[in-house]
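A.B. asks:
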Amino acid sequence: MEQAYRENKVRAIGVSNYTTSHMQELLETCQVQPALNQVELHPFYPQNELHQLCSKSNVLIQAYSSFGEGSLLNPSSVYHQTLVQRIMQKVPDFNSQHLPHHLLHWALARNISVIPKSTTPGRIASNFEVFNVPVDEKIRDVMDQLLSDGLVKPIKFCWDPLSIS
Numbered sequence: 401m402e403q404a405y406r407e408n409k410v411r412a413i414g415v416s417n418y419t420t421s422h423m424q425e426l427l428e429t430c431q432v433q434p435a436l437n438q439v440e441l442h443p444f445y446p447q448n449e450l451h452q453l454c455s456k457s458n459v460l461i462q463a464y465s466s467f468g469e470g471s472l473l474n475p476s477s478v479y480h481q482t483l484v485q486r487i488m489q490k491v492p493d494f495n496s497q498h499l500p501h502h503l504l505h506w507a508l509a510r511n512i513s514v515i516p517k518s519t520t521p522g523r524i525a526s527n528f529e530v531f532n533v534p535v536d537e538k539i540r541d542v543m544d545q546l547l548s549d550g551l552v553k554p555i556k557f558c559w560d561p562l563s564i565s
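Numbering-wise (this note's numbering), the sequence shown opens with residue 401 and increments by one.
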C-alpha cells in the first residue's frame, strides 16, 4: 500500500479493525501513516484508548456498526432497553424515535466519521436528518458514561480482531 501511495496510485491509506496495539505497532513501523482506521464503535464499545491514540496521531476513526448491528435500535433488545432507560433517567421526556440521530450525534461529536448501515431507503434518508435533530448534551453524556459504573459491560456485535496478534 505504501508503494501504491508513493506511486500516486492511491490518495490515502486506510486500515480496518486495527486495535490499539495493532495501531501502535503500525505507527512505529510505517513510512506512510494511514489516514483512517475503520472499526466497530458505539456507546457500548467506545474504544476510548484507540480513539485517543488515533486522534493524537491524526488518524481518522470511521465507525461501522454505529447502531450495534441494529441491537441498539431494536426495542426488544436488552441493549436498546438499557440505553433508553439510562437516557430517561437524565432526560425523562426522551423520544426513542430519535435514538439513531443521537447515536450518530454522539460519534460525530467525538470527531468520528460514521457509516450507519441500512438497506431501507426510509432509514437511509432518516440518517441524513441527524443534522435537523437538536443535539442534547445530556443524552451524549449518558452515552459517554454508559460503561463507567461497571454495571454495563462493553459488547462487540461484529467480528473481534483481538485474536490477531
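Virtual Cβ for every residue (Gly too), placed ideally from N, Cα, C.
1. For V533, I'd like the list of residues in its chain whose CB is within less than 6 Å of its CB, leaving aside the five on either flank, ordered along the chain.
2. Do C558 and E440 have their CB atoms nearer than 8 Å?
3. For Q433 versus S455, is the C-beta spacing smaller than 8 Å?
4. Rounded to whole angstroms, what is the Cα-Cα separation between L504 and I524?
5. So what's H472 in DSSP terms, helix, strand or just coil?
6. Using a Cβ-Cβ cutoff of less than 6 Å, which residues in the same chain neighbour Q462 once the five nearest sequence positions on both sides are dropped?
7. I think R486 touches A509, with their Cβ atoms under 8 Å apart; what is that distance to the nearest whole Å?
8. Excluding five sequence neighbours on each side, which residues of the same chain lie with their C-beta closer than 7 Å to the C-beta of Q447?
9. Are T419 and P561 close, meaning C-beta to C-beta below 8 Å?
C.D. replies: Quick look at the numbers:
1. Residue mapping note: residue 533 aligns to position 133 of the sequence shown, counting from 1. Taking C-beta separations shorter than 6 Å and ignoring five residues to either side along the sequence, the partners of V533 in its chain run H498, H501, following chain order.
2. To locate residue 558, count along the sequence shown from 1; it is residue 158. To locate residue 440, count along the sequence shown from 1; it is residue 40. In this structure, the beta-carbon distance from C558 to E440 falls below 8 Å.
3. The residue given as residue 433 occupies position 33 in the sequence shown. The residue given as residue 455 occupies position 55 in the sequence shown. Not closer than 8 Å, so no.
4. Position 104 of the sequence shown holds residue 504. Position 124 of the sequence shown holds residue 524. Distance between the alpha carbons of L504 and I524: 13 Å.
5. Indexing the sequence shown from 1 puts residue 472 at position 72. Per the sequence shown, the amino acid found at residue 472 is Leu instead of His. Correct three-state label for L472: coil.
6. Within the sequence shown, residue 462 is the residue found at index 62, counting from 1. L436, Q438, S513, listed in sequence order.
7. Taking the first residue of the sequence shown as position 1, residue 486 is located at position 86. Taking the first residue of the sequence shown as position 1, residue 509 is located at position 109. Contact doesn't hold; Cβ gap of about 17 Å is too wide.
8. The count along the sequence shown starts at 1 and reaches residue 447 at position 47. Result list for Q447: V439, L441, in chain order.
9. Counted from its first residue, the sequence shown places residue 419 at position 19. Counted from its first residue, the sequence shown places residue 561 at position 161. Taking 8 Å as the Cβ cut-off, T419 and P561 qualify as a contacting pair.
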